[in-house]
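Trainee: Structure incoming, see below.
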Amino acid sequence: MFLGLRLLLAGITKFNGPQGFSFAHFYGQVLPALSQPFLEKTFLPGWMLKLYLGTLPYAEILVGAGILVAGRNRVPLVMAGFLFLSLAFGQMWIGGHTTVADIAIHLGLTVLALLLLEEAEKRTF
50 MFLGLRLLLA
60 GITKFNGPQG
70 FSFAHFYGQV
80 LPALSQPFLE
90 KTFLPGWMLK
100 LYLGTLPYAE
110 ILVGAGILVA
120 GRNRVPLVMA
130 GFLFLSLAFG
140 QMWIGGHTTV
150 ADIAIHLGLT
160 VLALLLLEEA
170 EKRTF
């Protein structure tokens with residue numbers, strides 16, 4: 050449940066600005082701020098960054114909701130694992146070592162949840 054709430058709120062809060070929730074806040078304030086370190090420190094083209102970072106909150110919301118709604122289903126957990134891996138990879142590129150460590154904790158929790166789910170499935174059969 051923690052992972053689902055964490056991802057869901059991480060996505061939703063990207064749209065929260067001084068005047069409430071809005072797409073204008075995300076695309077006008079948050080997206081440029083998220084893009085800047087990657088534009089300065091990597092070779093990735095701007096269009097690729099905007100595509101990834103522009104879809105990131107939607108992916109976080111969908112995967113987080115999927116974990117919360119699907120319950121004992123491994124698909125949203127695997128998707129969360131790939132999402133955390135992609136976030137960690139991006140932070141490694143820009144030297145965000147502390148953030149990588151935080152993401153690694155979330156990734157470890159995802160792996161633990163998958164292992165617990167597998168163990169629970171063994172017991173039911």
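Under our numbering, the first residue of the sequence shown carries the number 50, and numbering increases by one thereafter. Glycine included, C-beta positions come from ideal geometry on N, C-alpha and C. Predicted model only: the values in this text are computed from it and were never measured.
1) Determine which residues share a DSSP beta bridge with asparagine 65 and list them.
2) Exposed or buried, which one is valine 49 when buried takes at least 16 other CB atoms within 10 Å?
3) Determine, using beta carbons only, whether leucine 57 and isoleucine 143 come nearer to each other than 7 Å.
4) Taking the C-alpha atoms as reference points, what is the distance between glycine 120 and glutamine 78?
5) Which of helix, strand or coil does DSSP assign to proline 125?
6) Nearest CA to the CA of asparagine 122: which residue from Gln85, Glu170, Pro67 and Leu156?
7) Who are the Cβ neighbours of isoleucine 154 in its own chain at under 8 Å, not counting the five residues just before and after it?
8) From the DSSP output, in three-state form, read off methionine 97 for me.
9) In or out: leucine 54 buried (at least 16 other Cβ within 10 Å) or exposed?
10) Can you tell me whether phenylalanine 87 is buried or exposed? The criterion is at least 16 other CB atoms within 10 Å of its CB, across all chains shown.
11) Using the three-state DSSP reduction, which class does methionine 50 fall into: helix, strand or coil?
12) Taking 6 Å as the limit between beta carbons, can you name the residues of its chain near threonine 148, skipping five residues before and five after?
13) Within the continuous alpha helix (DSSP H) that includes threonine 159, where are the two ends?
Mentor: The short version:
1) As a first step, residue 65 is located in the sequence shown; it is residue number 16 there, counting from the start. Looking at the DSSP assignment, asparagine 65 forms a beta bridge with Phe70.
2) The shown model of the chain, from 50 to 174, leaves out residue 49, and the question about it has no answer.
3) Counting from 1 along the sequence shown, the entry for residue 57 is found at position 8. Counting from 1 along the sequence shown, the entry for residue 143 is found at position 94. Result no, Cβ atoms of leucine 57 and isoleucine 143 do not sit closer than 7 Å.
4) Stepping through the sequence shown from its first residue, residue 120 is reached at position 71. Stepping through the sequence shown from its first residue, residue 78 is reached at position 29. Cα to Cα, the separation comes out at about 34 Å.
5) Walking along the sequence shown from the start, residue 125 turns up at place 76. In the displayed model, proline 125 falls within a helix according to three-state DSSP.
6) Here residue 122 refers to the residue found at position 73 of the sequence shown. Nearest of Gln85, Glu170, Pro67 and Leu156 to asparagine 122, Cα basis: Glu170.
7) Within the sequence shown, numbered from 1, the residue matching residue 154 stands at position 105. No residues qualify anywhere along the chain.
8) Here the question's residue 97 lines up with position 48 in the sequence shown. Methionine 97: helix per DSSP, three-state reduction.
9) Start at 1 with the first residue of the sequence shown, and residue 54 comes out as number 5. Classification of leucine 54: exposed, given that the 10 Å Cβ count is below 16.
10) Walking along the sequence shown from the start, residue 87 turns up at place 38. The residue is buried, with at least 16 neighbouring Cβ atoms inside 10 Å.
11) Position 1 of the sequence shown, counting from 1, holds the residue named residue 50. Residue state, collapsed to three classes: coil.
12) Position 99 of the sequence shown, counted from the start, is the residue given in the question as residue 148. If we look at threonine 148 and ignore the five residues flanking it on each side, its Cβ neighbours are Gln140.
13) On the sequence shown, position 110 is the one that residue 159 refers to. Where threonine 159 is concerned, the enclosing alpha helix (DSSP H) stretches over 146–173.
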